[in-house]
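Everything in the sequence shown is counted per full-length UniProt numbering, starting at 6 for the first residue and increasing by one. Right, one structure below, let's go through it.
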Amino acid sequence: PQTIYLSDYTVPAYLVDHVDLRFELFEDGARVHSTLSIRRNPESARSDASLSLDGDSLSLQGVSLDGRELQASEYELTDDQLVIADVPDAFQLNVVTWIEPQNNTRLEGLYKSSGMFCTQCEAEGFRCITFFPDRPDVMSRFRTRIEADQTAYPVLLSNGNDVDRGELEGGRHFVTWEDPFPKPCYLFALVAGDLVEKRDTFRTCSGRDIDLRMYVEPRNAAKCEHAMDSLKRSMRWDEEVYGREYDLDIFMIVAVDDFNMGAMENKGLNIFNSSCVLASQETATDAAFQRIEAIVAHEYFHNWSGNRVTCRDWFQLSLKEGFTVFRDSQFSADMGSPTVKRIEDVTLLRTAQFAEDAGPMAHPVRPASYMEISNFYTLTIYEKGAEVVRMIHNLLGSEMFRKGSDLYFERHDGQAVTTDDFVRAMEDASGRDLAQFRLWYEQAGTPVLTVSDEFDEAAGIYRLTIRQDIPDTPGQIDKKPQHIPFALGLLGSHGEPLPLRLAPDDQDAPDERVLELTDAEHTFEFHGVDERPVPSLLRHFSAPVRVQYPWTREQLLFLMSHDPDGFNRWDAGQRLTVDVIQSLVGTPKDTPVEPRLVTAYRHLISDSGLDQALVAKMLQLPSEAYLIELSESADVPAIHEARERVLKHLAIALRDELVACYRRNGESGAYEVTPEAVARRSLRNTALSWLLAINDEEARELAVRQFRGADNMTDHMGALRALVNSDYEDDRTEALATFYEQFQDDPQVVELWFSVQASSDRAGQLPQIRELMAHPAFDWKNPNKVRSVVGAFAGQNLAAFHHADGSGYEFLADQVCRLDDSNPQIAARLVTPLTRWRKFAPAYSASMRAALERIRDKKGLSRDVYEVVHKSLA
Ligand code: B3K
Ligand code: ZN
């Protein structure tokens, strides 16, 4: 496979002003008639008159130019292009292609899912529908006519407004859609199916009424309300916070069961993975409710950050993804608890993005090259990209940031632009120089900040020295220092915030500051300090960096209960627990556990005066994945054992407090997804799982009762998960059977049922995983099922996956090879755990490497998997 470089970018040679599509949909295939109005791009420096269009898996049925049918000698068909040697400066091109959506298992382009037709065109799926310059800087107006059988496909949808419809011969009908906004072809969408419609309306800030429509399979009719409410909240929020009004008269959402990703922001017609949009109290967990709200918002926000202003090329992907994740994260913070949302974002970033940034696939937020763009829909592009935008927000303040985003949208509306254009708008609006800041887009790797301090008692000066190092990453060494906003506070011995005087005469000094690091090393002096303070570093996680400071356990305990920054209070608890677990790895079983940890957790569990949403987060022990990420040469079974030991030790010591916590946080009224209610359920389910981990008989009864009586999926799953992870084998078996019996007709719940087993070291050993894959509800063609069994096993059941005999790695390699032919995108994602082989103790890393080599040697390996495997072995 070829490598594509950003430095090779040139403007398109031809532009397509208008696209007229006609789809004839049948059971054995689809005929696509496309009429393109093409003209030479005046900005192109190219002098030859040949036109190249992208195409993939198409069978060409005819081409004509300005009405004249071309002979086969007048064009050339290569593997991936249609080339017409000599074209005029402006002309109409007609292309007819035949495709087979019913056999499309890659789920790119036009495919079938549960009997309906649907599309996924980002990044390069449109070329699987018809020949086209498939690149985001070619923006066209689309008109789309869909023809299909009226009974099987009563609903026919595409982007924009429906302008015509009617009946055809043979029981067929058609609908024509017109999208007035020019767009890149990756935003094109089509849906045809037997779907029910849920309607609502939204009145915009300028008084226009927007028709909101959701289309789902009839069995899901009762699961739309939450997404619809989320949509209306998103529309209002984007008006209020960013001044963005919706532009079309209709906004549509469709749910499909087979989908490679979470959802897609096609203009006016967002298509969602069912699991990211459908919800009811009985079938969706709190986490699912929150995820749906966030994804509905994310896709909606793309209408401006992505669609009205789009990307020039795919190296700029984070222009829309990083910015939009930042926007949806601000939205979720506003809808719930900002501290909890920040904790969740940082947990994902530190566990998974930091690992990516330290691994063989590490790449900058704006990559310089790729082989397969699908492999670059990564945590770095999305999550680190959002952190980069957040840092601009931190540096500019919200008012200037808003000026910057206003300028960006105004200046670039209708254009395909770059991350550099985004930063320039921020600079122009604020007057700030972000030249050095741009390195965040160019340099990969997580900066390491090493902090040291000294207290000069006589002078009353506290000095803080911060050094930054950016680790080498593939293809990048000797990096330049970056511009890092570093928020901090200092606490006195009673926990009181101290004024941060940067000069002796600094009056009214604030007790929190955002320091700006630009050099490799800085020393900051704080004046008028009477006693050695405890520093609260990198508050709210003001930059995506690792902080190293020689915290004592005493200091961490102090911050855990005194830091006014909720995020840092949580972080101190995490650091303390990590430290305790790490010190126990590989030690004899009777090694004493830090007694102060027990005291700290007792306080968290018992003091109901604390912010319960924060407490619920603080009681989540650092995950195995995070502990692995933090270690140099990970021995997973040993890490697993040490973590379990600490959990059981806490559960035994705090047994009575946990039972009381469970009872105190019992049912209270109707189900709602507020931070308080979510925290209650989280606390009672955490208490339950800790108690079952120590085989507590009373807890077992509580769990069985909760399992039988739950009126919502969070409690239902909480009880099931606790039983599945307990030693009560009969209860586990019975609960799993009852649960399946009850929910077997609901794919989203069956996915939960799969993953609760696949991610459990009790129920998810390899033989059981194989049984799950042989289960009638398992389906290789459905990415959600593959993720919920194979993905959950390799990504969450870490002790089983990293079995010393290497069987977990062998297993994963087999599944990757199997999927590579049918769905390369999903296969490439599944490889991820193996790519981290250098992180593990030698015996493990050798067999992980061997598994990768076996994948590498598979015949006919897809470009997707090829890129990941070769880069990992390099
Ligand atoms: N933009 C889509 C991603 C589609 C990727 C397909 N390989 C989802 C999103 O970020 O909103
Ligand atoms: Zn997105």
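Cβ atoms here follow ideal geometry from the backbone N, Cα and C, with glycine treated the same way. Here the structure is a predicted model, which is why all the values come from computation and not from measurement.
- The C-beta of Ala430 has 16 or more other C-beta atoms within 10 Å across all chains shown, which makes the residue buried.
- Remark: the shortest separation between the CB of Met266 and any heavy atom of the ligand B3K falls under 6 Å.
- Taking a 10 Å sphere around the C-beta of Ile300, we find 16 or more other C-beta atoms and assign the residue as buried.
- With the rule of 3 Cβ pairs closer than 8 Å, the region 90-105 does not count as touching the region 143-157.
- Within the same chain, Phe207 come within 6 Å of Lys237 by CB-CB distance, once the 5 residues on both sides are set aside.
- Under the criterion of beta carbons closer than 8 Å, Ser760 and Arg669 do not qualify as touching, at roughly 29 Å.
- With a cut-off of 6 Å, the C-beta of Glu326 is classified as near the ligand ZN, since at least one heavy atom of the ligand falls inside that distance.
- When DSSP assignments are scanned along the region 119-204, the uninterrupted stretches of beta strand (DSSP E) that are 3 or more residues long and fall wholly within it turn out to be 121-125, 145-154, 160-163, 166-173, 177-188, 195-198.
- A direct Cα-Cα distance of roughly 10 Å separates Phe491 from Leu400.
- Here the alpha carbon of Thr83 sits roughly 38 Å from the alpha carbon of Val330.
- Across the structure, Asp71 and Tyr382 are spaced so that their CA atoms are roughly 39 Å apart.
- Excluding residues up to 5 positions away in sequence, Asp362, Ala367, His368, Pro369, Thr478, Gln481 lie with their Cβ nearer than 7 Å to the Cβ of Ala449 in the same chain.
- The alpha-carbon of Gln773 is positioned some 9 Å away from that of Gln762.
- Judged by beta-carbon spacing, Asp139 lies within the 7 Å limit of Glu129, meaning their Cβ atoms are closer than that value.
- Comparing alpha carbon positions, the residue from Leu771, Asn828, Ala833 closest to Phe816 is Leu771.
- Cα atoms of Gly409 and Pro509: separation of roughly 35 Å, rounded to the nearest angstrom.
- One thing to note: Met718 has its Cβ no nearer than 7 Å to the Cβ of Ala548.
- Looking at the backbone, the Cα of Ala630 and that of Gln125 are separated by about 32 Å.
- Here Cys123 is near Val261, since their CB atoms are less than 7 Å apart.
- The beta-carbon separation of Tyr14 and Asp474, rounded to 32 Å, does not stay under the 8 Å limit for a contact.
- Taking a contact to require three or more Cβ pairs closer than 8 Å, the region 458-473 and the region 351-365 do not qualify as touching.
- In the DSSP assignment, Pro781 falls outside any beta strand (DSSP E), carrying neither H nor E.
- No heavy atom of the ligand ZN is found nearer than 6 Å to the CB of Thr385.
- Rounded to whole angstroms, the separation of the alpha carbons of Thr451 and Asp576 is 18 Å.
- Proximity to Phe783 across Ala809, His808, Asp750, Ser211 peaks at Asp750, based on C-alpha coordinates.
- The beta carbon of Ser279 sits no closer than 6 Å to any heavy atom of the ligand B3K.
- Our two residues, Asp291 and His231, have alpha carbons roughly 12 Å apart in a direct line.
- Membership of Ala656 in the alpha helix (DSSP H) is indicated by the continuous run 641-658.
- Distance from the CA atom of Leu728 to the CA atom of Phe712, rounded to whole angstroms, is 9 Å.
- Straight-line measurement puts the Cα of Ile466 at about 54 Å from the Cα of Met269.
- DSSP places Asp216 inside the beta strand (DSSP E), whose first and last residues are 214-221.
- Counting of Cβ neighbours within 10 angstroms places Asn700 among the exposed residues, the total staying below 16.
- Contact check for Leu693 and Ala715: beta-carbon distance about 12 Å, past the 8 Å limit, so the pair fails to qualify.
- For Ile657, same chain residues with a beta-carbon under 8 Å away, outside a window of 5 residues either side, are Ile699 in chain order.
- Inter-residue distance for Arg823 and His645 is about 30 Å (C-alpha atoms, whole angstroms).
- Where Asp59 is concerned, the enclosing beta strand (DSSP E) starts and stops at 56-59.
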